[in-house]
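Going letter by letter, the sequence shown gives residues 13 to 278 in this note's numbering. Note that beta-carbon positions come from the ideal geometry of N, C-alpha and C, so glycine has one too. Since we're looking at a predicted model, the values are computed, not measured. Just below is one structure, and these are the notes that go with it.
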Amino acid sequence: MADYYVTDARVMAAALEKYKSKCHKTIKHRLRTFVALSRLNKKALRQFDDMQKGVITEAPDLWKDFSNGKIGKSITGTEVKSAFRAFIASEQGNLCCYCQRWLLNNGNAKPIEHILPRESFKHFAFNFWNLAVACVDCNGLKSADVWGGGDKLNVRDYPAPSSFTEMYHPRFHRFKDHVRFVRVQTNEHNITLYRGITNQGRKLCRDLLQDIAAKEVLINGNPRIKSSLATINQFEPEEGSALEKAFLELQEAFSAAAMKLVRPKD
Ligand SMILES: [Zn+2]
């Protein structure tokens, strides 16, 4: 079975080239955006080298600075993230990279996901292959954990697709090769059953998808919550606005509260 659908440098180069033509919504800003991102990537790697050599003990959070600031004179991090989100969401068929549910239309419901988590892999924060788009539930549930990649800690260059044998990698793996899922909808309930069919798929189900499915049952079983959430999700606050921030905080808090019921031990 072909486990990996990104297999060689040629395919990866073509994907990067495609992104280059879409990395900013304004054509004249694209080249500069792409160059600035490459620079940030190199800067993150330099930080990693300095940490390894003991030159510095703590590195500034480049991703956070990028998200809240500008790259170049007239390009904001918000614009670059927005274009990236649109590009990757379209590549993913507008489905969450992990649970394969539809991504909602507003930007705040499509967090950019660092596949090897940013907390432990700061030097991959701007690596094109380490980024995907997840739903709020998956992003929120995953963020604190390193669920794989133990052998990749302290590795400088981004690991090759074939080395992801311990974890599901949404940019390198094809979901259907690793997980089967069935969705059952009744008048009151949406129930999704996930079943891993490979090591990576089984781990993804254990670490994440079983809880996502449980949360779905919990929320859809409560008509008032279900309809309130549907109303909230209809709004499309402007990216970077105070309203978007408030919505995101509400969604995250709600998600965390629901997950507490699903995972009482955490
Ligand atoms: Zn998801």
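Item: Among residues of its own chain, excluding the 5 on either side of Asp223, which ones have a beta-carbon nearer than 7 Å to its beta-carbon?; Value: Leu153, Met271, Val274 and Arg275
Item: Quick one: grab the DSSP three-state call for Thr69.; Value: coil
Item: Suppose contacts are defined by Cβ-Cβ distances below 8 Å. Is Ala146 in contact with Glu125 by that definition?; Value: yes
Item: Applying the criterion that 16 or more other CB atoms from any shown protein chain within 10 Å of the CB defines a buried residue, is Arg130 buried or exposed?; Value: buried
Item: Taking one C-beta from the segment 87-106 and one from the segment 164-171 each time, how about it: are there three or more such pairs within less than 8 Å?; Value: no
Item: State yes or no: is the C-beta of Leu128 within less than 8 Å of the C-beta of Phe136?; Value: yes
Item: Which same chain residues end up closer than 6 Å to Thr210 when comparing Cβ atoms and leaving out the 5 residues on each side of it in sequence?; Value: His190
Item: Using DSSP bridges, identify the partner residues of Thr88.; Value: Lys82
Item: Decide if the segment 224-233 is in contact with the segment 195-205; the criterion is three or more beta carbon pairs, one per stretch, under 8 Å apart.; Value: yes
Item: Which whole-angstrom value describes the C-beta separation of Arg207 and Arg192, a residue pair presumed to lie in contact below a C-beta threshold of 8 Å?; Value: 5 Å
Item: Which runs of the beta strand (DSSP E) at least 3 residues long sit entirely within the segment 142-223? Give them in chain order.; Value: 143-145, 191-197 and 202-208
Item: Count the other C-beta atoms from every protein chain shown that fall within 10 angstroms of the C-beta of Thr45, then say buried if there are 16 or more, exposed otherwise.; Value: buried
Item: Assign Asn106 to buried or exposed, taking buried as 16 or more other Cβ atoms, counted over all protein chains shown, within 10 Å of its Cβ.; Value: exposed
Item: Could you tell me the distance, in whole angstroms, from the CA atom of Ser174 to the CA atom of Phe133?; Value: 19 Å
Item: If you measure from the beta carbon of Gly89 to each beta carbon in chain C, is any gap under 8 Å?; Value: You won't find chain C in this structure, because it holds only one protein chain.
Item: As a quick exercise: from Cys217, Leu57, Val148 and Leu255, pick the residue whose alpha carbon is nearest that of Ala265.; Value: Val148
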